[in-house]
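Novice: Pasting in a structure now, in structure tokens, and then I'll have a few things to ask.
Residue numbers (this note's numbering), protein chains in the order written: chain A, 382 to 766; chain B, 382 to 766.
Structure representation (structure tokens):
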């Protein structure tokens with residue numbers, strides 16, 4: 382079979398995997414198809430944590446022993462350890478399938494490549510790396526989760542000259558409709574979304590994923606509010622009062638005041654309080670708590686100050702940056718990031734493993750943050766808080 | 382013949398056209414192939430202003446009458462007016478070719494579509510719009526020249542957060558090697574390059590196009606220097622002393638001083654002086670002079686102040702913006718643009734007809750500038766000069 386045919390079947394497996402977009406945390410999305418004589422005869426995808434694995438479902442869906450010459454396509458290296466559902470390599474070997482084509486390798490360093498070895502030792506031909514990048518990209522969050530814990534990502538939507546808003550604060554709209562729809566794709570992917578208190582007070586967002594043809598979806602909604610300023614006003618924001626308020630988690634410090642904490646809890650809202658000498662939430666502790674709660678990824682949507690503080694604390698792992706073909710040309714307009722003062726380009730922050738997407742005139746760059754050895758912090762930039 | 386086959390042959394014609402990259406000004410680049418029985422039997426491309434047109438060369442190169450059923454592919458609508466080289470439509474009709482496949486339509490409103498009409502009236506089948514966008518993009522400069530005069534374009538190379546340099550001025554390197562090589566592609570395309578005096582004094586650039594496998598090429602090199610500050614120092618910059626100095630044009634005002642003008646002219650350098658109440662060169666007059674000299678496009682490489690002044694004067698037509706996956710996060714770092722103060726997003730500058738290209742991690746957005754009805758200028762931003 383040609384590389385093009387392998388890719389065509391792998392693409393079908395990828396499409397299957399994506400049906401569980403955002404639904405498998407902290408597990409990966411995985412899709413599988415069984416091909417006999419050039420035709421897909423069975424499909425499977427991992428639907429949710431605790432559910433059957435894609436390969437196993439495809440084999441089950443075949444309903445009988447695959448024919449000699451059958452090939453299994455699977456987007457991720459089959460597991461070879463006996464987890465809750467048994468090793469998929471065992472199921473494959475038992476099925477009699479003699480050829481397996483795989484997209485991405487298991488990112489877990491303890492397992493990586495082991496599935497291939499087990500299969501090969503049992504006489505199964507294994508072809509690896511078909512659409513590897515697409516298959517690996519699919520599990521941006523999982524890949525980080527199994528190696529480093531929760532993925533803390535941020536999104537910014539800026540002008541070509543790096544501004545988030547006019548000097549007046551006006552920012553509607555910098556990015557186009559297609560870009561804004563794309564943000565909902567990521568909201569649906571990440572198990573948690575986070576914003577700062579000022580964003581809640583200024584924009585009163587719902588922070589749900591609203592996608593054409595799908596029911597509104599509410600991820601965990603984190604509100605970073607060290608002083609509980611969002612609870613002060615009689616008119617409470619939507620995230621405290623709407624039908625998804627049990628999905629809201631306020632992240633605060635002891636400086637917020639116990640009365641407000643009680644008020645939130647009475648409304649059914651979760652409050653995470655972290656000790657802190659200042660009104661700023663200690664991000665490392667937040668990350669640890671997410672790990673304990675098995676929340677594998679958080680998508681931080683703003684404001685600029687929260688994201689800049691995350692960067693300053695070296696706690697931002699990943700960045701999505703949308704750029705619109707708009708120019709403000711105003712030094713007093715709001716910038717994406719602030720708070721550092723690098724004196725040479727090599728002391729700047731960098732992104733790596735870049736991905737690029739175009740949405741009509743807009744474009745999205747996203748990649749992993751790389752911090753320089755020494756962050757040159759501008760202490761004056763955070764003076765106000 | 383299928384659309385895919387049409388595209389394959391048009392792509393060959395495009396490749397031919399590109400052999401004259403930057404060499405045809407103010408004429409367009411055009412490529413043509415003649416196909417008989419599924420094979421290319423003759424090729425042609427327009428080499429330079431005054432030379433034969435691509436279609437005519439392809440017919441000449443055929444060396445005999447094309448066979449019945451032959452098809453001519455040409456990237457641009459054949460001319461139907463009797464210029465210096467005679468109408469190409471006449472040559473096509475005389476050749477007996479009965480089918481012509483065209484990429485882009487002639488952008489000149491006076492001619493647009495007329496070539497198709499003439500051919501069709503003579504019984505030639507005409508298929509239009511094959512790879513239209515690529516064929517039209519090829520002649521970015523020509524398309525503007527025939528409709529609006531010289532294309533004044535600028536290039537900026539910025540961080541993801543819209544900075545050109547650290548607060549210290551360090552900017553080496555923000556963009557990667559592939560992006561910087563791409564700049565030389567545009568330098569080779571544009572008949573003129575321009576920089577401000579400060580860029581000459583600070584960087585002492587050669588402003589030539591240096592591309593792998595090609596001889597160094599020197600376009601017209603414009604130095605915007607209203608006060609002739611670049612002539613003051615005993616050590617003169619490279620653009621005044623190197624082997625291409627006859628390709629340097631200093632653009633100045635009467636505030637520059639006649640002594641310096643004489644000194645430049647004695648070195649073989651051209652000086653364009655434009656009346657101006659200030660030390661700033663009046664860009665509209667510069668544009669007019671370029672039109673007179675048939676310089677159809679100018680690529681402005683900086684500095685930021687020159688480009689911002691062009692924007693403020695509504696004289697920038699086109700922008701190339703490279704973004705690197707680097708973050709400075711410093712409000713005191715140098716920004717791409719300044720001098721405006723829009724209070725609402727709808728008062729911002731916009732780019733349209735966007736094109737996007739990826740160079741490893743970097744990306745290039747380019748498009749045509751669109752000015753709002755009213756530019757809100759920040760008078761304080763230009764106070765220093």
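Think of the CB as a built atom: it goes at the ideal place given N, C-alpha and C, for glycine as much as any other residue. All values reported here derive from a predicted model rather than from experimental measurement.
Which chain A residues are close to residue 723(B), counting only those with a beta carbon under 7 Å from its beta carbon?
Specialist: Within 7 Å Cβ-Cβ: 547, 709 and 711.
Novice: Do residue 738(A) and residue 732(A) have their CB atoms nearer than 7 Å?
Specialist: No, they are not a contact pair.
Novice: Span of the beta strand (DSSP E) holding residue 740(B)?
Specialist: Per DSSP, residue 740(B) belongs to the beta strand (DSSP E) from 730-740.
Novice: With a threshold of 7 Å between beta carbons, is residue 720(A) in contact with chain B?
Specialist: Yes - at least one Cβ of chain B is within 7 Å of the one on residue 720(A).
Novice: Do the CB positions of residue 750(A) and residue 742(B) come within less than 7 Å of each other?
Specialist: Not closer than 7 Å, so no.
Novice: Return the first residue and the last residue of the beta strand (DSSP E) that residue 602(B) is part of.
Specialist: First-last of the beta strand (DSSP E) with residue 602(B): 601-605.
Novice: Should residue 658(A) be labelled buried (16 or more other beta-carbon atoms within 10 Å of its own) or exposed?
Specialist: It counts as exposed.
Novice: Give the DSSP-derived three-state secondary structure of residue 423(B) in the structure shown.
Specialist: Of the three classes helix, strand and coil, the one that applies to residue 423(B) here is strand, per DSSP.
Novice: Measuring only the C-alpha atoms, how far is residue 602(A) from residue 620(A)?
Specialist: Near 8 Å, if we compare the C-alpha coordinates of residue 620(A) and residue 602(A).
Novice: For residue 765(B), collect the residues of the same chain with a Cβ closer than 6 Å to its Cβ; drop the 5 residues on either side in sequence, then sort them by chain order.
Specialist: Note on residue 765(B): pLDDT 41, under 50, position unreliable in the model; the coordinate value appears next. Within the same chain, residue 765(B) has no close Cβ partners at all.
Novice: Using the Cα positions of residue 549(B) and residue 542(A), report the straight-line distance between them to the nearest angstrom.
Specialist: Taking the straight line from one Cα to the other gives about 19 Å.
Novice: State the start and end residues of the unbroken beta strand (DSSP E) segment that holds residue 642(B).
Specialist: From DSSP, residue 642(B) is part of no beta strand (DSSP E) but of the alpha helix (DSSP H) over 639-647.
Novice: Within 7 Å (strictly less), CB to CB, does residue 744(A) reach chain B?
Specialist: At least one chain B Cβ lies under 7 Å of residue 744(A).
Novice: Given a cut-off of 7 Å on the beta-carbon distance, is the pair residue 566(B) and residue 574(B) in contact?
Specialist: It is not a contact, given that the beta carbons lie outside the stated cut-off.
Novice: Name, please, each residue of chain A whose Cβ falls closer than 7 Å to the Cβ of residue 542(B).
Specialist: Per Cβ cutoff of 7 Å: 543, 716, 717 and 718.
Novice: Does the beta carbon of residue 751(B) come closer than 7 Å to any beta carbon on chain A?
Specialist: No, residue 751(B) does not count as interfacial toward chain A.
Novice: Check whether the stretch 550-558 of chain B touches the stretch 647-662 of chain B, taking contact to mean three or more Cβ pairs, one atom from each stretch, closer than 8 Å.
Specialist: As far as the Cβ criterion goes, the stretch 550-558 of chain B does not touch the stretch 647-662 of chain B, which means the pair count is below three.
Novice: Taking 7 Å as the CB-CB limit, is residue 533(B) close to chain A?
Specialist: Not closer than 7 Å to any Cβ of chain A, the Cβ of residue 533(B) fails to qualify, so no.
Novice: Are any of the Cβ atoms in chain A nearer than 7 Å to that of residue 765(B)?
Specialist: Because residue 765(B) carries a pLDDT of 41, less than 50, the predicted location of this residue cannot be relied on, and no value is offered for it.
Novice: Considering just the uninterrupted stretch of the beta strand (DSSP E) at residue 749(B), what are its terminal residues?
Specialist: Its beta strand (DSSP E) spans residues 743-751.
Novice: In angstroms with no decimal places, state the Cα-to-Cα distance between residue 674(B) and residue 709(B).
Specialist: About 42 Å.
Novice: Rounded to whole angstroms, what's the CA-CA distance from residue 700(B) to residue 435(B)? Just pull it up for me.
Specialist: Roughly 30 Å between the two C-alpha positions.
Novice: Assign residue 755(B) to one of two classes, buried (16 or more other C-beta atoms within 10 Å of its C-beta) or exposed (fewer than that).
Specialist: So residue 755(B) ends up on the exposed side.
Novice: Using only CA atoms, which one of 644(A), 405(A) and 634(A) lies nearest to residue 666(A)?
Specialist: Checking every option, the nearest Cα to that of residue 666(A) belongs to 634(A).
Novice: Note down the Cα distance separating residue 632(A) from residue 491(A), rounded to an integer number of angstroms.
Specialist: Computed Cα separation, rounded: 34 Å.
Novice: Check the Cβ-Cβ distances between residue 735(B) and every residue of chain A, and say whether any is below 7 Å.
Specialist: Residue 735(B) counts as touching chain A.
Novice: Between which two residues does the beta strand (DSSP E) harbouring residue 651(A) extend?
Specialist: Unbroken beta strand (DSSP E) run through residue 651(A): 651-654.
Novice: What span of residues does the beta strand (DSSP E) with residue 680(B) cover, start to end?
Specialist: Residue 680(B) -> beta strand (DSSP E) spans 678-683.
Novice: According to DSSP, what are the bridge partners of residue 480(B)?
Specialist: DSSP lists 452(B) and 506(B) as partners of residue 480(B).
Novice: Which of helix, strand or coil does DSSP assign to residue 766(B)?
Specialist: Below a pLDDT of 50, predicted positions are generally treated as unreliable, and residue 766(B), at 39, falls in that range; the measurement from the model is reported next regardless. The answer is coil: DSSP assigns residue 766(B) none of H, G, I, E or B.
Novice: Can a CB atom of chain A be found closer than 7 Å to the CB of residue 706(B)?
Specialist: Yes, residue 706(B) counts as interfacial toward chain A.
Novice: Please tell me whether residue 427(B) and residue 677(B) are closer than 7 Å, where the distance is taken between their beta carbons.
Specialist: Not a contact, by the Cβ cut-off of 7 Å.
Novice: Enumerate, from N- to C-terminal direction, the unbroken beta strand (DSSP E) stretches of 3 or more residues contained entirely within the stretch 385-440 of chain A.
Specialist: Counting whole runs of 3 or more residues, the stretch 385-440 of chain A contains the beta strand (DSSP E) stretches 412-417 and 420-426.
Novice: Would you decide whether residue 420(B) is buried or exposed? Buried here means 16 or more other CB atoms lie within 10 Å of its CB.
Specialist: Classification of residue 420(B): exposed, given that the 10 Å Cβ count is below 16.
Novice: What are the boundary residues of the beta strand (DSSP E) that residue 632(B) is part of?
Specialist: From DSSP, the beta strand (DSSP E) with residue 632(B) extends over 629-633.
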